[in-house]
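These protein sequence lines are chains L and R, in that order. Residues in the first sequence are numbered consecutively from 9, following our numbering. Residues in the second sequence are numbered consecutively from 61, following our numbering. Let me begin by presenting the structure, written as structure tokens, before commenting on it.
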Amino acid sequence: MLNKYPLWKNLLVIFIVLVAALYALPNIYGEDPAVQVSANRNATIDTSTMDRVKSSLENVGIQAKSIALEEEQLLVRLNSDDEQLKARETILDSLGDNYIVALNLAPATPEWLKSVGAQPMKLGLDLRGGVHFLMEIDMDEAVRKIVDGMKDTIRTELREERIRYSAVRVDDTTVEVELRTDEAYAEAASYLDGRYQGYNLVEDEENRLLQLQMSDQKLAETRDYAVSQNITIMRNRVNELGVAEPVIQRQGSNRIVVELPGVQDTARAKEILGATATLEFRMVDSENDVRDAVNGRVPFGSELMPMRDGPQQLLKEDVILTGDHIVNAGVGYDEYNRPQVNITLDGAGGNKMSMATKDHVGQPMATVFIEYKATDERDEEGNLQFTKNAEVINVATIQSRLGSSFRITGVGANEAQNLALLLRAGALIAPIQIVEERTVGPSLGQQNIDSGTQAIFWGFVLVLAFMVVYYKKFGLVANTALAANLILIIGVMSMIPGATLTLPGMAGIVLTVGMAVDANVLIFERIREEIKAKRSPQQAIHHGYDSALSTIADANVTTLIAALILFAIGNGPIKGFAITLAIGIITSMFTAIVGTRAIVNSVWGGKKLSKLPI
Amino acid sequence: MQEIIKTNERLPFMRFRGIMGIISIILVVASIASLSVNKLNFGLDFTGGTLLEVGFEKPADLSRVRSALDNKGFGDAVVQNYGTQEDILIRLEPREGVKAEQLGTDILDSLRAEFEQTVEMRRIEFVGPNVGDEFIEQGGLAMLTALICILLYIAMRFEWRLAVGAVAALAHDVILTLGLFSILQLEFDLTVMAALLAVIGYSINDTVVVCDRIRETFRKFAKLTPIQTVNRALTDTLSRTLVTSLTTILVLLTLFFLGGPLIHGFATALLFGVVIGTYSSIYIASTVALAFGVSRDDLMPTEVEKEGADQDPLP
Chain L
9 MLNKYPLWKN
19 LLVIFIVLVA
29 ALYALPNIYG
39 EDPAVQVSAN
49 RNATIDTSTM
59 DRVKSSLENV
69 GIQAKSIALE
79 EEQLLVRLNS
89 DDEQLKARET
99 ILDSLGDNYI
109 VALNLAPATP
119 EWLKSVGAQP
129 MKLGLDLRGG
139 VHFLMEIDMD
149 EAVRKIVDGM
159 KDTIRTELRE
169 ERIRYSAVRV
179 DDTTVEVELR
189 TDEAYAEAAS
199 YLDGRYQGYN
209 LVEDEENRLL
219 QLQMSDQKLA
229 ETRDYAVSQN
239 ITIMRNRVNE
249 LGVAEPVIQR
259 QGSNRIVVEL
269 PGVQDTARAK
279 EILGATATLE
289 FRMVDSENDV
299 RDAVNGRVPF
309 GSELMPMRDG
319 PQQLLKEDVI
329 LTGDHIVNAG
339 VGYDEYNRPQ
349 VNITLDGAGG
359 NKMSMATKDH
369 VGQPMATVFI
379 EYKATDERDE
389 EGNLQFTKNA
399 EVINVATIQS
409 RLGSSFRITG
419 VGANEAQNLA
429 LLLRAGALIA
439 PIQIVEERTV
449 GPSLGQQNID
459 SGTQAIFWGF
469 VLVLAFMVVY
479 YKKFGLVANT
489 ALAANLILII
499 GVMSMIPGAT
509 LTLPGMAGIV
519 LTVGMAVDAN
529 VLIFERIREE
539 IKAKRSPQQA
549 IHHGYDSALS
559 TIADANVTTL
569 IAALILFAIG
579 NGPIKGFAIT
589 LAIGIITSMF
599 TAIVGTRAIV
609 NSVWGGKKLS
619 KLPI
Chain R
61 MQEIIKTNER
71 LPFMRFRGIM
81 GIISIILVVA
91 SIASLSVNKL
101 NFGLDFTGGT
111 LLEVGFEKPA
121 DLSRVRSALD
131 NKGFGDAVVQ
141 NYGTQEDILI
151 RLEPREGVKA
161 EQLGTDILDS
171 LRAEFEQTVE
181 MRRIEFVGPN
191 VGDEFIEQGG
201 LAMLTALICI
211 LLYIAMRFEW
221 RLAVGAVAAL
231 AHDVILTLGL
241 FSILQLEFDL
251 TVMAALLAVI
261 GYSINDTVVV
271 CDRIRETFRK
281 FAKLTPIQTV
291 NRALTDTLSR
301 TLVTSLTTIL
311 VLLTLFFLGG
321 PLIHGFATAL
331 LFGVVIGTYS
341 SIYIASTVAL
351 AFGVSRDDLM
361 PTEVEKEGAD
371 QDPLP
């Protein structure tokens, strides 16, 4: 008998390895130091921005390797790390506050590879350096705030309706209203029944007690909202930092992961993430002329304030309301389908707003956004200096006396979206706390890459040497399969968008190199046994592969189970290990069984042999 | 033909199964005893707290580092060298009322003030106490899930006696590796946990190969006694068992020596686990299966019953 693969099978093996090699290729090109420019808020990036960047860099004598406009971002590649820092400052100066200018390492993948979608592997924070935060939101506080707001609202409304109560109090997620008389009880019951969305009314006539219980759905919504709001805030702050490719993700029900790869000044990053933003509503001073104020005659009790995308505004110094009274803000549409921002305040906020606006109908009111931005200066103790950065984000005319919910109209759709986001950002409903931090300095990252690569290289060499010594020419076949396996792992890792290479991941590759030969060892040992049992070489090959197959499958499935469980429970680096291990198991089955068979068949399978070099 | 062991003779493995069994039982008992007395030296991932790795330009004077930290109110800090003389590792217990994100920066600042040289931040890790507890819970759960899933798979693929043998071997390896970490008080962190799961994967891989061969040998050679059968199967697979262990140990040694200090615990756990796993796949799985009275009849392929076979043929 002869061992032969049909042509298509051989071609398929070659094709798969070539594709993997193609996608693994970008990893050897390294990275360029680069500066990445993206637009902040309302600015846009186009060819004119590109020209400005180009000329400003030329002015200071920096020769950029390339400047490219990709997906609304400008990527400036540079020749050295020194130039990178200088270029960032130059670009920041010339473009101003509306742009985010971030340091980045851009893969130096050639065009032709990029055109087939090939990209280098993503490196985990332990290899690249950077900050990983796990933040936890205080959900109890978030819910408490909402229920407290509800309590205030009910109090106010009962008072307005002249329904006499003896107490309104909060018990966990329930607002309890105790009434003085039976009449009041009946009145209150009919008034409160179905009045508030998301609350169920429980009546207790005997004790004249009404309970408004927050429904499970509302509870879930509140929690969800607390998370998404915090994510929005974190995103804004990370933008402030100018980090390329940040990750801001929800984890579980009440946690947020923030990952900032490649951040050098980690202390600054932490301080900015921990900074606060607030919001204020103030009346516009329309009795005095803005132009006088701009010329230096600011009237007493008013102040000038810059406006985002507009002229300076003259505002009263008195603050009507601060942002922490905002319970929610969202974009809605009026009956003519024009965008508007709907704002909900808590009870106390509603009162203040109502008092303040009753005499100001027809007058303009301004919304001021205040951020504390870190500067690059430090005081004597080395603490970062923050500057208060206040700007008017919106001016709207008060149409009628405002209560606990009102709306801002006359804004564009985009603006409405931004305004709602900023309003929400100003009112942090749930405090947030860092519960896990992993910061890796850039030098350690590089060192991890070096030691990981070394371990893979020497492990690989040792196994190759052993296999040749022990199995002779068949050892060479196994080695070819092992090399192909390494290429396949790297290729697949580069192809899967979510896969990240970490240090334990590199350990996983090393381990796979050691274990991948197992399948070949099983097969070769079988072949040797068959030869000892006096079978012909061709039959030995055939039976060797056949009988080892189910054993190999069994053994690998069990390891795969362990890898999958690791993936399901592990955190970042461990997940990296699970991924390389799982990929390695699957690719090694292919190379060790199909790959080596293709080689063995084409070298020894087609002819009559008296002996096998095994 | 080059072979590690000439296997023309069947090696009498099972003659030593009594003594090996006793050794294993002693080791397992010792491990469990150490685990309950010494416990595991849980790393930061599980206990919570703060860890800093800082790099100095010149070899760092540890006692000066300690006193500098003591002056700043970090008297509980554990300071030690890490990898090289220039690198030190500082650990702090979880503390209340201090902003975690601030702690690392504070320590770094006080060291910079004391030493007046570039003190490089290499790594900061902070794990909140609750998160640490969750990691322990998750890890234990993962281990259990893995064991159960593998048990189910093995039970499905093999006869139950072999399955019990395989899982016994697995438990043996995990307990002994944990025991090693407990006796030597090596730090047990998340990467070690991952290594332990990899040990589970490796050990079961090895055991499956042996069990597979035991089943095959039972089916092929009807005249052998169970003990002879096991001996024969173990001899036949010995060469493979040793070769695979050898290549795996080779790469693990490179990881141990070249992979850097971060991966040390990981490599240690795997090295030990692989050595123990190799031994257990030879002795534990088969001994346990024999103890449960595995025999040829249990391992013959189940005959497919033909529908209506028990009925009289139609006239």
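Glycine residues also receive a C-beta, built at the ideal position from the N, C-alpha and C atoms.
Delimiting residues of the alpha helix (DSSP H) encompassing residue i
i, result
"L:K540", "511–540"
"L:K122", "119–122"
"R:N131", "122–131"
"R:P286", "286–318"
Buried or exposed by the 16-neighbour rule on C-beta atoms within 10 Å, applied to residue i
i, result
"R:A369", "Note on R:A369: pLDDT 48, under 50, position unreliable in the model; no value is reported."
"L:I498", "buried"
"L:G390", "Any reading at L:G390 must be qualified, since the residue scores a pLDDT of 46, below 50, and its modelled position is unreliable; the value itself is stated next. Exposed, because fewer than 16 other Cβ atoms sit within 10 Å of the Cβ of L:G390."
"L:S408", "exposed"
"R:D136", "exposed"
"L:Y107", "buried"
"R:G78", "exposed"
"L:K366", "exposed"
"L:A382", "Below a pLDDT of 50, predicted positions are generally treated as unreliable, and L:A382, at 48, falls in that range; the measurement from the model is reported next regardless. Flag for L:A382 reads buried."
CB contact flag (residue i, residue j, <9 Å)
i, j, result
"R:E247", "R:F102", "yes"
"L:T488", "L:G584", "no"
"R:R183", "L:T447", "yes"
"R:L310", "L:L65", "no"
"L:S412", "L:M361", "yes"
"L:G506", "L:L133", "no"
"R:H232", "R:V334", "no"
"L:L100", "L:L111", "no"
"L:I334", "L:G309", "no"
"R:V234", "R:D105", "no"
"L:I416", "L:V349", "yes"
"R:G261", "L:I569", "yes"
"L:L121", "L:L19", "no"
"L:V178", "L:L218", "no"
"R:R70", "R:T347", "no"
Rounded C-alpha distance that separates residue i from residue j
i, j, result
"L:T520", "L:G578", "19 Å"
"L:Y553", "L:Q547", "10 Å"
"R:T289", "R:K283", "9 Å"
"L:V525", "R:L240", "28 Å"
"R:L171", "R:N98", "34 Å"
"L:V265", "L:R258", "6 Å"
"L:G192", "L:Y173", "According to the sequence displayed, residue 192 of chain L carries Ala and not Gly. If I take the Cα positions, the gap works out to 7 Å."
"L:N359", "L:L220", "21 Å"
"L:E165", "L:F414", "16 Å"
"R:V270", "R:V227", "13 Å"
"R:W220", "R:V268", "13 Å"
For residue i, the first and last residue of its enclosing beta strand (DSSP E)
i, result
"L:N262", "Note, L:N262: premise wrong, no beta strand (DSSP E); not H, not E."
"L:H140", "138–145"
"L:I87", "Correcting the residue identity first, residue 87 of chain L is Asn in this sequence and not Ile. Where L:N87 is concerned, there is no enclosing beta strand (DSSP E), given that its DSSP letter is neither H nor E."
"R:R151", "144–152"
"L:M222", "217–222"
"R:I196", "It is not in any beta strand (DSSP E) - R:I196 instead sits in the alpha helix (DSSP H) that spans 189–217."
"L:R446", "440–448"
"L:R415", "413–416"
"R:G380", "Nothing about residue 380 of chain R can be reported from this structure: the residues present for chain R run from 61 to 375 only."
"L:R177", "173–179"
Whole-number beta carbon distance between residue j and residue i, since they are thought to touch under 8 Å
i, j, result
"L:R60", "L:A72", "With a Cβ gap of about 13 Å, L:R60 and L:A72 do not count as contacting."
"L:A463", "R:T314", "5 Å"
"L:K12", "L:G613", "6 Å"
"L:L574", "L:A586", "4 Å"
"L:Y199", "L:E169", "6 Å"
"R:L168", "R:T110", "Contact flag wrong, Cβ pair sits at about 12 Å."
"L:L620", "L:P545", "5 Å"
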